[in-house]
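Each residue of the sequence shown is one higher than the one before, counting from 54 in my numbering.
Quick notes on the structure that follows.
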Amino acid sequence: MLCGLIAFLMVFLKPGIFNNEKKSAELVDKETDEGQKIEKIRLEILEKCINVIIKDKNNKNKNALYLYNSNAKRNIILVHGYRGMPEIDFAEEFKFLQKSDFNILLIRLGTLYPNSGNFITMGLKEKEELVPWVEFFKKENSLPIYIWSQSMGTYSTLSCLDVLQDKVSGVIADCGYTSVYSDFMDTVNRVVHFPPLSFLIVAATGFWVSLIIHKSIFSHSTVEKVKDNNIPTLFVHGDSDTLVDKKHTLKNYENNKGKKDLLLVKNANHLASFNVSQEEYIQKLKTFFGW
């Protein structure tokens, strides 16, 4: 049980760096050319966007960055990954979108600063935040709403497809996992290399998740959710992803019964598909949006 507690604290406890905007900016490696490019876009996003706040079901503030476009024909919600920041995770994507016909909302999931809280729940609780942000756009205008998600954001989005069916016009699901259990098991197996021990560690971690967060890592599979999905969905994954195996996206794609498309990007690691193959990705987006 001790190893499970240690694993729980390592994975689910929010690092102190996410309690402060300036410290969070340290996630960008400014010593590299790519890092300097991302930092420039990050600062541009913070300068151009306004901060908007809504209340969750527990009356806690949830924050997002909002770029209004007076010529917009669509709304889009960008949903970042585990221990990610939207203005970093979606830096290149934002640069592309702001030249198009979108109102852009970069939401800050869960306990990411300036939201309060101590735990990142890998989507188990974060998924509850999608519908309120969709409702935010519905109050703003009558334009179609799209969601572009990555990693934990994709798990969160696909996990609430049942309540998004009549609210969203399309979903771009990039590098998501099918369940917290399966993703966590893959991660532990890469370190332990002994499946019986891996299962014990994951099971013990699951006990602490249930005890402290009051959620189960063994439920909420996106595979079941996509079976009844009628929202057009573009599934994307890097075929060299070392953090979330592409098998998760392939399983979601195969089980999705509605209108769907698939993009596997060669030589792309986690969260890198758009950067590695922008031309190919953008061509898929043009088809997806009907441009």
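Using N, Cα and C, we set each Cβ at its ideal position, and we do this for glycine too.
What you are looking at is a predicted structure, and each value in this text was computed from that prediction instead of being measured.
Can you tell me where the alpha helix (DSSP H) holding residue i begins and where it ends?
i: W186; result: L183 to E193
i: G259; result: P248 to W261
Inspect the beta-carbon positions of residue i and residue j and report whether they are closer than 9 Å.
i: T286; j: G206; result: no
i: T231; j: T275; result: yes
i: F288; j: L315; result: yes
i: P167; j: I107; result: no
i: V105; j: S202; result: no
i: I270; j: V233; result: yes
i: L324; j: G134; result: yes
i: K191; j: Y208; result: no
Could you tell me the alpha carbon to alpha carbon distance between residue i and residue j, rounded to whole angstroms?
i: A117; j: M138; result: 11 Å
i: Q331; j: K337; result: 10 Å
i: P197; j: L120; result: 16 Å
i: E97; j: I157; result: 14 Å
i: N128; j: Y199; result: 6 Å
i: C213; j: K93; result: 34 Å
i: I335; j: A226; result: 14 Å
i: E140; j: L159; result: 7 Å
i: S123; j: V297; result: 38 Å
i: G343; j: K312; result: 14 Å
i: D236; j: L317; result: 19 Å
i: T240; j: K110; result: 32 Å
i: F247; j: C56; result: 15 Å
Which class does residue i belong to by DSSP, given the choice of helix, strand or coil?
i: T340; result: helix
i: K76; result: Confidence in K76 is poor, its pLDDT being 49 and thus under 50, which makes the residue's placement unreliable; the coordinate value appears in the next sentence. In this structure, K76 counts as helix in the three-state DSSP scheme.
i: T286; result: strand
i: Q203; result: strand
i: N124; result: coil
i: A325; result: coil
i: F147; result: helix
i: T164; result: coil
i: K90; result: helix
i: L217; result: helix
Assuming residue i is part of the beta strand (DSSP E), what are its boundary residues?
i: L131; result: R127 to V132
i: F155; result: F155 to I160
i: D294; result: Taken as a continuous stretch (DSSP letters only), D294 belongs to no beta strand (DSSP E), as it is neither H nor E.
Quick one: using the 10 Å Cβ neighbour count with 16 as the cut-off for buried, is residue i buried or exposed?
i: F65; result: buried
i: K76; result: Note that K76 has pLDDT 49, beneath the 50 cutoff, so the model's placement of it is unreliable and the number below is only indicative. With fewer than 16 Cβ atoms within 10 Å of its Cβ, K76 is classed as exposed.
i: V255; result: buried
i: L99; result: exposed
i: L177; result: buried
i: L183; result: buried
i: D142; result: buried
i: L217; result: buried
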